[in-house]
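So the sequences go chain by chain: W and E.
Using this note's numbering, read the first sequence as starting at 1 and increasing by one per residue.
Using this note's numbering, read the second sequence as starting at 785 and increasing by one per residue.
For each residue, glycine too, the CB sits at the ideal point set by N, CA and C.
Predicted, not measured: the structure shown is a model, and the values here were computed from it.
Remarks on the structure that follows.
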Amino acid sequence: MKQPLRAKLWTVVVVSLLVFLGWRLITGIVVDTNILSLLPRSERDPVIESVVRRFTEQISQTNLFLIGHRDVSAAQQAALSFGQELRDSGQFSEVRDRLVDSGQSFYELYFSHRWHLLAPSVREQLEHGRAEYVARDAERMLYMPVPGISSQIVVNDPLFLFLDLVQELPRPKSRVAMHDGFAMVEAAQIHYVVVSAVSVQSPFSRRGQLAITDAITEASTHQAARCPACTVHAAGMVKFAHATTSSMHRDISLIGTGSIIGIVLLITLTFGGLRYVAISLIPIVTGLLVAATVSLLLFPSLHLITLGFGASLIGVCIDYSFHFLCDERVGDSDWDPSTCLRRIWPGISIGALTSAIGYMALAIAPFPGLREMAVFAAAGVAGAYGTVVCWYPIIVRHRLHPRQPPLFGVASKWLELWQHPRRRLWLWAIPIGCLIGVGISQLKSSDDLRQLQQMPPDLIANEQHVRQLVGDDHAGQLMIVEAPDVEQLLNREQSLIGELAKLQAQEVLTGFLAISPFVPSRQTQSRDGELVREHLLDNGLLERYMTDIGFRRVDIERVLDDAHKNPEDFLAIEDWLDSSASNLLRHMWVGDTGRDTVAALVSLGGVADSAALRATAERLDGVFYTDHADEFGRLLSRYRVLSVQLLILAYFIIGVVLVLRYGFLRGILATAPAALASLIAVSVLAMCGQPFNLFTALALFLVLGIGVDYTIFLSESRLHLRQTMLALLMSAITTLLSFGLLSASQSPILHNFGLIVLVGIGGAFLLAPVATLGRDRDISVLPE
Amino acid sequence: MIERQGDEVLSVTTAEDQPMIYEMIGLFMSMHAADRADLDRHFQVYFDGSPAAWTIGLIPKSRRLYRVVSCMTITGGAAIDVVEYHEPSGDRTRIRFTEIQHNPGQLTDDELLLFAE
Numbered sequence: 001m002k003q004p005l006r007a008k009l010w011t012v013v014v015v016s017l018l019v020f021l022g023w024r025l026i027t028g029i030v031v032d033t034n035i036l037s038l039l040p041r042s043e044r045d046p047v048i049e050s051v052v053r054r055f056t057e058q059i060s061q062t063n064l065f066l067i068g069h070r071d072v073s074a075a076q077q078a079a080l081s082f083g084q085e086l087r088d089s090g091q092f093s094e095v096r097d098r099l100v101d102s103g104q105s106f107y108e109l110y111f112s113h114r115w116h117l118l119a120p121s122v123r124e125q126l127e128h129g130r131a132e133y134v135a136r137d138a139e140r141m142l143y144m145p146v147p148g149i150s151s152q153i154v155v156n157d158p159l160f161l162f163l164d165l166v167q168e169l170p171r172p173k174s175r176v177a178m179h180d181g182f183a184m185v186e187a188a189q190i191h192y193v194v195v196s197a198v199s200v201q202s203p204f205s206r207r208g209q210l211a212i213t214d215a216i217t218e219a220s221t222h223q224a225a226r227c228p229a230c231t232v233h234a235a236g237m238v239k240f241a242h243a244t245t246s247s248m249h250r251d252i253s254l255i256g257t258g259s260i261i262g263i264v265l266l267i268t269l270t271f272g273g274l275r276y277v278a279i280s281l282i283p284i285v286t287g288l289l290v291a292a293t294v295s296l297l298l299f300p301s302l303h304l305i306t307l308g309f310g311a312s313l314i315g316v317c318i319d320y321s322f323h324f325l326c327d328e329r330v331g332d333s334d335w336d337p338s339t340c341l342r343r344i345w346p347g348i349s350i351g352a353l354t355s356a357i358g359y360m361a362l363a364i365a366p367f368p369g370l371r372e373m374a375v376f377a378a379a380g381v382a383g384a385y386g387t388v389v390c391w392y393p394i395i396v397r398h399r400l401h402p403r404q405p406p407l408f409g410v411a412s413k414w415l416e417l418w419q420h421p422r423r424r425l426w427l428w429a430i431p432i433g434c435l436i437g438v439g440i441s442q443l444k445s446s447d448d449l450r451q452l453q454q455m456p457p458d459l460i461a462n463e464q465h466v467r468q469l470v471g472d473d474h475a476g477q478l479m480i481v482e483a484p485d486v487e488q489l490l491n492r493e494q495s496l497i498g499e500l501a502k503l504q505a506q507e508v509l510t511g512f513l514a515i516s517p518f519v520p521s522r523q524t525q526s527r528d529g530e531l532v533r534e535h536l537l538d539n540g541l542l543e544r545y546m547t548d549i550g551f552r553r554v555d556i557e558r559v560l561d562d563a564h565k566n567p568e569d570f571l572a573i574e575d576w577l578d579s580s581a582s583n584l585l586r587h588m589w590v591g592d593t594g595r596d597t598v599a600a601l602v603s604l605g606g607v608a609d610s611a612a613l614r615a616t617a618e619r620l621d622g623v624f625y626t627d628h629a630d631e632f633g634r635l636l637s638r639y640r641v642l643s644v645q646l647l648i649l650a651y652f653i654i655g656v657v658l659v660l661r662y663g664f665l666r667g668i669l670a671t672a673p674a675a676l677a678s679l680i681a682v683s684v685l686a687m688c689g690q691p692f693n694l695f696t697a698l699a700l701f702l703v704l705g706i707g708v709d710y711t712i713f714l715s716e717s718r719l720h721l722r723q724t725m726l727a728l729l730m731s732a733i734t735t736l737l738s739f740g741l742l743s744a745s746q747s748p749i750l751h752n753f754g755l756i757v758l759v760g761i762g763g764a765f766l767l768a769p770v771a772t773l774g775r776d777r778d779i780s781v782l783p784e
Numbered sequence: 785m786i787e788r789q790g791d792e793v794l795s796v797t798t799a800e801d802q803p804m805i806y807e808m809i810g811l812f813m814s815m816h817a818a819d820r821a822d823l824d825r826h827f828q829v830y831f832d833g834s835p836a837a838w839t840i841g842l843i844p845k846s847r848r849l850y851r852v853v854s855c856m857t858i859t860g861g862a863a864i865d866v867v868e869y870h871e872p873s874g875d876r877t878r879i880r881f882t883e884i885q886h887n888p889g890q891l892t893d894d895e896l897l898l899f900a901e
């Protein structure tokens, strides 16, 4: 293809991508910040997975506030105005400050079912044939020296079956008590009202978290102004998400600016002139443009970590222009752009290809986030490569001012040092061998998700403080029960609850919450009805009791009629869901799963032994147990092992390719520097006390992709080794500038990743001249 | 609070299980002890009658208590005869005390045992 035609075609590609990117920018780009979305959906059943996801989403959108004051009614007033402020902000779909009195709704829901929906203690008494105890307890209630039982209840439910049921319904284990319709806790003589608010937007979108944080801050500030003696504690995912995002934003702008400044300085010093800076920036800009556009074409949103990773792409994108410009700078007097391109073309093509292969290897693991990074990086490399190959010969038509750059001497010197290898090789080999030996022996691996999500300690302390005050230990651990229909679901859940109660007695967990105690299966309700008939009605116990107490005959007849009426009129799940009595637990009902089954959640508290729970879930039909941190840990560990295996395979394949191209010895020598540098990088990581995790393994893929480039460039440039070495030195410096800054990142993932690439690429550059050792001496690499 | 019937303990209620009942019991106690300060804190207190036949009316100050009991009356002479709770629903609970002994010379062994607890 003729040069001008190629340039025109490339212009068309770039402009059309630019138009697409512009359109996406106008319609709004979603920047995702949830670290969990980088991780794969666990390889579980997709239905169970989506159930868990929906539940964790809901938890992440719930914010908890404690409004405290020494005086109860002052705290209640403050909570009401705080809640109103949250409502007015429009950021919250559901604000709970004063709760509706659930007593009335429980009455409406359960009272008519009292003859076949028994409290567990009453059920037990009847099962053991101790009906007279039920009567005696009712009598005792009547003689309590305090009022409180309405006469309506006494004449309609003389045995207080309804009161017992409501009394024994499970409650979330918590320190919260109801006062005047407010959920309150008391600690250190301060009375706190618990206010909860569900945000409209996800705390993991940048826009959402800013809006939610602003609304909370504003409400808290106004609250402090209105009532200086009040304290406000807030807990919720949004704070963590906001902190992580802000720190990542800082990192990205730091890495981006640092790279750019370093590159501008480097170019100005080396080539002498801002014109070169402008020329070098073109492939970076087009590279990032192509990267962003292609990613947005393939993925609905961009993850913030992808952008952080992308910022470091700058260092790679500029490499190809360095090869071109170094050739121009140091080349012969009859230099012209097309011969230059012909000279460097094989090197940068193979280099771009291996880099792209290295990046795309990231996409092998089914991690959505990694696929995104891989596409982003590979597209960026392609964009920068295309720009250099298509546009540079047009842009740099003539040689400017030939001048030997200062770094040229340094690069040549380093190359020369390697020309008498026999002596020096041992000098290098011994310390490197020791370093690797010591480092590898100290290497530890870790797949703990919590380590990857390091959060500011003050936020964690605050969160724990709030949870402690509220006494909530339900940390998102779940069991899911699935069955073909509601009746079987409730039966399965009831047998699960039986098992859980046993485990609770063994202190495997501290508590659990489920739906079936609120809506027992029809089977259970019908059995309860039989118990009532057998032990309270048919033997005349109820009638006798009412007569003894002194009820009028007409009341006795009415109660007995009522008890015998409609034995099949059971409480259904829909009744419960429609009633405000289910307000606090309705989210545990999943309902239709979309594959002809129904499901419900059981929330677990204070889990001490997840293995025992997993074993229980496996033993029961249709019961699934999930423990996010644990499951992701195992997943990360599996992919860590897998990617190390893939890495070894990749080295093997690249080694074979290079041996085919360069012959056995030179092929091996071209592969060795990157491999050796990777070992050194891992050793340094171990000595810094950092664990080897999946992200370390992925960084090693980059070292492979970029490090092998260096030896390929040296192997491909037959007569211009010194120019190539200069280009390598410059690209290594820029890569180190960008990845070096990545290792200064607050995010543990980026830090670990950056450290490996920093040491790995640095080592790969320093060792790159090894590739020249197998050459014939007579090339006499360094014509002076 | 411990409930007994004969020798058998029927139930033990603690303040944590039933804060509301406990508060009521506390008031019940101060009513009997005629602890004026405690009563004034929780009620508007009215007196009627003579020392030989008196009535005390108590109207709860807190909304919370008012929703359970709108008014209490205690009538008596030398000792308390009747305590009556009026609930907002119109229900009434009437507790009558009979055979009240002041400073009995000797407590039975059973009684001593109960007070020891």
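Practice problem: Identify, in the order they occur along the chain, each residue of the same chain with its Cβ nearer than 7 angstroms to the Cβ of Ser516 of chain W, setting aside the five sequence neighbours on each side. | Solution: Within the first sequence, numbered from 1, the residue matching residue 516 of chain W stands at position 516. Taken in chain order, the residues that qualify are Leu490, Glu493, Gln494, Ile497.
Quiz item: Would Tyr143 of chain W be called buried (16 or more neighbouring beta carbons within 10 Å of its own) or exposed?
Solution: The residue given as residue 143 of chain W occupies position 143 in the first sequence. Flag for Tyr143 of chain W reads exposed.
Practice problem: Indicate whether at least one CB of chain W lies closer than 8 angstroms to the CB of Arg880 of chain E. | Solution: Stepping through the second sequence from its first residue, residue 880 of chain E is reached at position 96. Not closer than 8 angstroms to any Cβ of chain W, the Cβ of Arg880 of chain E fails to qualify, so no.
Quiz item: Can you tell me whether Asn566 of chain W is buried or exposed, with buried defined as 16 or more other CB within 10 angstroms of its CB?
Solution: Within the first sequence, numbered from 1, the residue matching residue 566 of chain W stands at position 566. The residue is exposed, with fewer than 16 neighbouring Cβ atoms inside 10 Å.
Practice problem: Would you mind listing the alpha helix (DSSP H) stretches within the stretch 70 to 100 of chain W that are 4+ residues and don't spill past its ends, in chain order? | Solution: 72 to 88
Exercise. Assign Gln494 of chain W to one of three DSSP states: helix, strand, or coil.
Key: Mapped onto the first sequence, residue 494 of chain W falls at position 494. In this structure, Gln494 of chain W counts as helix in the three-state DSSP scheme.
Quiz item: Who are the Cβ neighbours of Leu729 of chain W in its own chain at under 8 angstroms, not counting the five residues just before and after it?
Solution: By one-based count along the first sequence, residue 729 of chain W stands at place 729. Taken in chain order, the residues that qualify are Leu407, Val410, Ala411, Trp414, Phe765.
Quiz item: Should Thr56 of chain W and Ser196 of chain W be called a contact, given that it needs their Cβ atoms to be closer than 8 angstroms?
Solution: As a position in the first sequence, residue 56 of chain W is number 56, starting the count at 1. As a position in the first sequence, residue 196 of chain W is number 196, starting the count at 1. Not a contact, by the Cβ cut-off of 8 angstroms.
Exercise. Tell me whether Asp214 of chain W is buried or exposed, calling it buried when 16 or more other Cβ atoms sit within 10 Å of its Cβ.
Key: The residue you call residue 214 of chain W lines up with position 214 of the first sequence. Exposed: under 16 other Cβ atoms inside 10 Å.
Self-check item: Option in W:Tyr133, W:Val47, W:Ser355, W:Phe20 with minimal Cα separation from Val708 of chain W
Solution: Within the first sequence, residue 708 of chain W is the residue found at index 708, counting from 1. Comparing Cα-Cα distances from Val708 of chain W to each of W:Tyr133, W:Val47, W:Ser355, W:Phe20, the minimum goes to W:Ser355.
Quiz prompt | Start and end residues, alpha helix (DSSP H) containing Asp786 of chain W | solution = Outside the displayed range of chain W (1 to 784) lies residue 786 of chain W, so it cannot be described from this structure.
Quiz item: Between the C-alpha atoms of Glu784 of chain W and Arg722 of chain W, what's the straight-line distance to the nearest angstrom?
Solution: Position 784 of the first sequence, counted from the first residue, corresponds to residue 784 of chain W. Position 722 of the first sequence, counted from the first residue, corresponds to residue 722 of chain W. In this predicted model, Glu784 of chain W has a pLDDT of only 37, less than 50, meaning its place in the structure is not dependable; the value taken from the coordinates is given anyway. Roughly 10 angstroms between the two C-alpha positions.
Exercise. Taking Asp875 of chain E as the query, report the chain W residues whose CB atoms sit under 9 angstroms from its CB, ordered along the chain.
Key: If you number the second sequence from 1, residue 875 of chain E lands on position 91. Within chain W, the residues near Asp875 of chain E are Pro147, Ile149, Ser150, Ser151, Gln152, Val154.
Quiz item: Leaving out five residues before and five after Phe65 of chain W in sequence, what residues of the same chain have Cβ atoms less than 6 angstroms from its Cβ?
Solution: Counted from its first residue, the first sequence places residue 65 of chain W at position 65. Correct list, in chain order: Val195, Ala234.
Self-check item: Paired residues, beta bridge with Asn63 of chain W - DSSP
Solution: Within the first sequence, residue 63 of chain W is the residue found at index 63, counting from 1. Its beta-bridge partners are W:Ala197.
Quiz item: the stretch 154 to 185 of chain W: which residues have C-beta closer than 8 angstroms to a C-beta of chain E, in chain order?
Solution: Ala177, His179, Asp180
Quiz item: Quick one, which of W:Gly633, W:Asn462, W:Ile556, W:Ala78 has its alpha-carbon nearest Thr221 of chain W's?
Solution: By 1-based counting over the first sequence, the position of residue 221 of chain W is 221. Thr221 of chain W has its Cα closest to that of W:Ala78, out of W:Gly633, W:Asn462, W:Ile556, W:Ala78.
Self-check item: Check whether Val598 of chain W and Gly591 of chain W have beta carbons under 8 angstroms apart
Solution: On the first sequence, residue 598 of chain W is found 598 positions in, with the first residue counted as 1. On the first sequence, residue 591 of chain W is found 591 positions in, with the first residue counted as 1. A contact, by the Cβ cut-off of 8 angstroms.
Self-check item: Ser610 of chain W versus Ala377 of chain W: straight-line alpha-carbon distance, rounded
Solution: Counting from one through the first sequence, the residue named residue 610 of chain W turns up at place 610. Counting from one through the first sequence, the residue named residue 377 of chain W turns up at place 377. Using only the alpha carbons, I get a separation of about 39 angstroms.
Exercise. Within the same chain, show all residues whose beta-carbon is closer than 7 angstroms to that of Ile733 of chain W, passing over the 5 residues directly before and after it, in chain order.
Key: Position 733 of the first sequence, counted from the first residue, corresponds to residue 733 of chain W. Taken in chain order, the residues that qualify are Leu266.
Exercise. Quick one: give me the first and last residue of the alpha helix (DSSP H) that Val375 of chain W is part of.
Key: The residue given as residue 375 of chain W occupies position 375 in the first sequence. From DSSP, the alpha helix (DSSP H) with Val375 of chain W extends over 368 to 395.
Quiz item: So does the stretch 746 to 762 of chain W actually touch the stretch 333 to 346 of chain W, counting three or more Cβ pairs closer than 8 angstroms?
Solution: no
Quiz item: Does the beta-carbon distance from Ala672 of chain W to Val770 of chain W come in below 8 angstroms?
Solution: What you label residue 672 of chain W is simply residue 672 of the first sequence in a count that begins at 1. What you label residue 770 of chain W is simply residue 770 of the first sequence in a count that begins at 1. Cβ atoms of Ala672 of chain W and Val770 of chain W: closer than 8 angstroms.
Quiz item: Quick one, which residues of the stretch 837 to 854 of chain E are near chain W if we go by CB-CB under 8 angstroms, in chain order?
Solution: Arg847, Arg848, Val852, Val853
Practice problem: Please confirm if the stretch 288 to 306 of chain W is in contact with the stretch 5 to 17 of chain W, defined as three or more CB-CB distances below 8 angstroms between the two stretches. | Solution: yes
Exercise. Put Leu838 of chain E into one of helix, strand or coil per three-state DSSP.
Key: Taking the first residue of the second sequence as position 1, residue 838 of chain E is located at position 54. Position check: residue 838 of chain E holds Trp in this sequence, whereas Leu was assumed. Of the three classes helix, strand and coil, the one that applies to Trp838 of chain E here is strand, per DSSP.
Exercise. Tell me whether Pro393 of chain W counts as near the ligand GDP, meaning its Cβ is closer than 7 angstroms to at least one heavy atom of that ligand.
Key: Ligands in the displayed structure: none, and consequently the ligand GDP is not present.
Quiz item: Helix, strand or coil: which one does DSSP assign to Gln104 of chain W?
Solution: Stepping through the first sequence from its first residue, residue 104 of chain W is reached at position 104. In this structure, Gln104 of chain W counts as helix in the three-state DSSP scheme.
Quiz item: Helix, strand or coil: which one does DSSP assign to Phe739 of chain W?
Solution: Within the first sequence, the letter at position 739 stands for residue 739 of chain W. Residue state, collapsed to three classes: helix.
Quiz item: DSSP three-state call for Trp10 of chain W: helix, strand or coil?
Solution: Here residue 10 of chain W is taken as the residue at index 10 of the first sequence, counted from 1. Of the three classes helix, strand and coil, the one that applies to Trp10 of chain W here is helix, per DSSP.
Quiz item: How would you call Thr268 of chain W, buried or exposed, if buried means at least 16 neighbouring beta carbons within 10 angstroms?
Solution: Locating residue 268 of chain W in the first sequence gives position 268, counting from the first residue. Per the 10 Å Cβ criterion, exposed.
Quiz item: Nearest to Asp71 of chain W by alpha carbon, out of W:Trp345, W:Arg87, W:Cys227?
Solution: Here residue 71 of chain W is taken as the residue at index 71 of the first sequence, counted from 1. Minimum Cα distance to Asp71 of chain W is reached at W:Cys227.
Quiz item: The alpha helix (DSSP H) with Arg820 of chain E in it runs from where to where?
Solution: Sequence index remark: in the second sequence, residue 820 of chain E carries index 36 (1-based). Segment 820 to 826, the alpha helix (DSSP H) holding Arg820 of chain E.
Quiz item: Does the beta-carbon distance from Ala352 of chain W to Tyr320 of chain W come in below 8 angstroms?
Solution: In the first sequence, the residue the question calls residue 352 of chain W occupies position 352. In the first sequence, the residue the question calls residue 320 of chain W occupies position 320. In this structure, Tyr320 of chain W lies closer than 8 angstroms to Ala352 of chain W by Cβ.
Quiz item: Exposed or buried, which one is Ala670 of chain W when buried takes at least 16 other CB atoms within 10 Å?
Solution: Your numbering for residue 670 of chain W matches position 670 in the first sequence. By the 10 Å Cβ count, Ala670 of chain W comes out buried.
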